[in-house]
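Asker: Could you have a look at this structure, given as structure tokens, before my questions?
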Amino acid sequence: DVKVTQSSRYLVKRTGEKVFLECVQDMDHENMFWYRQDPGLGLRLIYFSYDVKMKEKGDIPEGYSVSREKKERFSLILESASTNQTSMYLCATDPTGVGNTIYFGEGSWLTVV
Amino acid sequence: GQQLNQSPQSMFIQEGEDVSMNCTSSSIFNTWLWYKQDPGEGPVLLIALYKAGELTSNGRLTAQFGITRKDSFLNISASIPSDVGIYFCAGSPYSGGGADGLTFGKGTHLIIQP
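Chains as they are written, first to last, in this note's numbering: chain P, 1 to 113; chain U, 114 to 227.
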């Protein structure tokens, strides 16, 4: 079974704080993704990575950065959290290697106050 | 960017009824995926379709890849309370490459009335 683990399920942070969301997969997949999910807006791609130290911007990268120092770990970073970044964040991985099938983690609920 | 139209937005049904939902695209896709999301959880992949005309089942769920490559259907037979949730379709125009190629529908909320 594909297993994608997001380290924090629920976080509450203050405006201006630096926030790290961690995602780990133990299946040696190359492609990893970060999405955010908001009511009425659906799933939107923030960043993805197709290899260690490689990253590509998705549809809404502003206000976010990512880090992939090891193949199994893909981190999403909010340098200075703002209230409009309150959302559900979903990490995903692609076992096919061609980017057309992805499996999601359990999600991280972030509230910025 | 590409758009996926998923319908209906919500469904209110009785336990035991069959359910049908669909997604349509303005462009051709080579992959169609169906996910289910429970409240507070991440989406879980139910069925993946990679070939036009393909019909695939997963228990009481059946999904089809439309022959035009622009649509897909998901059917649930004899619904039970645990089927409640949001069902998403996703499509990819790529048969290989393009890690950012998935487009998602907005979801169908399935609600089962007692």
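Beta carbons are placed, not taken as given, at the ideal position from N, Cα and C, and that holds for glycine. Here the structure is a predicted model, which means the values were calculated and not measured.
Could you give the distance in angstroms between the alpha-carbon of Val-2/P and the alpha-carbon of Thr-221/U?
Answerer: Numbered from 1 along the first sequence, position 2 holds the residue referred to as residue 2/P. Numbered from 1 along the second sequence, position 108 holds the residue referred to as residue 221/U. Going from the Cα of Val-2/P to the Cα of Thr-221/U covers about 25 Å.
Asker: Could you tell me whether any Cβ in chain U is nearer than 8 Å to the Cβ of Glu-22/P?
Answerer: On the first sequence, residue 22/P is found 22 positions in, with the first residue counted as 1. Chain U, which has no Cβ nearer than 8 Å to the Cβ of Glu-22/P, makes this no.
Asker: I think Leu-223/U touches Gly-198/U, with their Cβ atoms under 8 Å apart; what is that distance to the nearest whole Å?
Answerer: For this step, residue 223/U is matched to residue 110 along the second sequence. For this step, residue 198/U is matched to residue 85 along the second sequence. Their Cβ separation, rounded to whole angstroms, is 6 Å, which keeps Leu-223/U and Gly-198/U in contact under 8 Å.
Asker: Kindly indicate the opening and closing residues of the beta strand (DSSP E) around Leu-174/U.
Answerer: Numbered from its first residue, the second sequence carries residue 174/U at position 61. Residues 174–178.
Asker: With 8 Å as the C-beta to C-beta threshold (strictly closer), list the residues of the stretch 133–154 of chain U near chain P in chain order.
Answerer: Taken in chain order, the members of the stretch 133–154 of chain U whose beta-carbon sits within less than 8 Å of a beta-carbon on chain P are Asn-143, Thr-144, Leu-146, Tyr-148, Gly-153, Glu-154.
Asker: DSSP three-state label for Thr-83/P, please.
Answerer: In the first sequence, the residue the question calls residue 83/P occupies position 83. Residue state, collapsed to three classes: helix.
Asker: Counting C-beta neighbours from all protein chains within 10 Å, is the total for Asp-202/P 16 or more, i.e. buried, or is it exposed?
Answerer: The structure shown has nothing for residue 202/P, since chain P only spans 1 to 113.
Asker: Checking 8 Å against the spacing of the C-beta atoms, do Thr-15/P and Thr-83/P come in under that value?
Answerer: Translated into positions along the first sequence, residue 15/P becomes position 15. Translated into positions along the first sequence, residue 83/P becomes position 83. Yes; because the gap between Cβ atoms is below 8 Å, this pair is in contact.
Asker: For a contact meaning CB atoms closer than 9 Å, what does Leu-76/P contact in chain U?
Answerer: By one-based count along the first sequence, residue 76/P stands at place 76. Here the premise fails: no neighbours, minimum Cβ distance about 14 Å.
Asker: What whole-angstrom Cβ distance do Gly-58/P and Phe-48/P have, given they're in contact under 8 Å?
Answerer: Translated into positions along the first sequence, residue 58/P becomes position 58. Translated into positions along the first sequence, residue 48/P becomes position 48. Going by Cβ atoms, the distance from Gly-58/P to Phe-48/P rounds to 6 Å, so yes, they are a contact pair.
Asker: Are the stretch 136–144 of chain U and the stretch 31–41 of chain P in contact at 8 Å, needing three or more beta carbon pairs?
Answerer: no
Asker: For Lys-149/U, count neighbouring Cβ atoms within 10 angstroms of its own Cβ and tell me buried if that reaches 16, exposed if not.
Answerer: Numbered from 1 along the second sequence, position 36 holds the residue referred to as residue 149/U. Buried, by the Cβ-count rule.
Asker: Shorter than 8 Å from the beta carbon of Tyr-103/P to some beta carbon of chain U?
Answerer: Locating residue 103/P in the first sequence gives position 103, counting from the first residue. Yes, because at least one Cβ of chain U sits closer than 8 Å to the Cβ of Tyr-103/P.
Asker: When the Cα atoms are used, what is the spatial distance from Ser-157/U to Glu-17/P?
Answerer: As a first step, residue 157/U must be located in the second sequence, where it is residue number 44. As a first step, residue 17/P must be located in the first sequence, where it is residue number 17. Going by the sequence as given, residue 157/U is Val instead of Ser. The straight-line gap from Cα to Cα measures roughly 31 Å.
Asker: For Thr-5/P, would you say it is in contact with chain U, using Cβ-to-Cβ distances shorter than 8 Å as the test?
Answerer: Mapped onto the first sequence, residue 5/P falls at position 5. No, Thr-5/P lies away from the interface with chain U (no Cβ there is under 8 Å from its Cβ).
Asker: Check whether chain U comes within 8 Å of Asn-84/P, counting only Cβ atoms and requiring the distance to be less than that.
Answerer: On the first sequence, position 84 is the one that residue 84/P refers to. Chain U contact via Cβ: absent.
Asker: Measuring alpha carbon to alpha carbon, tell me which of Lys-219/U, Leu-187/U, Ala-191/U, Thr-144/U ends up nearest Ile-225/U.
Answerer: Reading the second sequence from its first residue, position 112 is the one you call residue 225/U. Answer by Cα proximity: Ala-191/U.
Asker: Would you call the stretch 21–30 of chain P in contact with the stretch 5–13 of chain P, where contact means no fewer than 3 C-beta pairs closer than 8 Å?
Answerer: yes
Asker: Can Ile-193/U and Leu-174/U be called in contact, C-beta distance under 8 Å?
Answerer: In the second sequence, residue 193/U corresponds to position 80, counting from 1. In the second sequence, residue 174/U corresponds to position 61, counting from 1. No, Cβ-Cβ distance for Ile-193/U and Leu-174/U is not below 8 Å.
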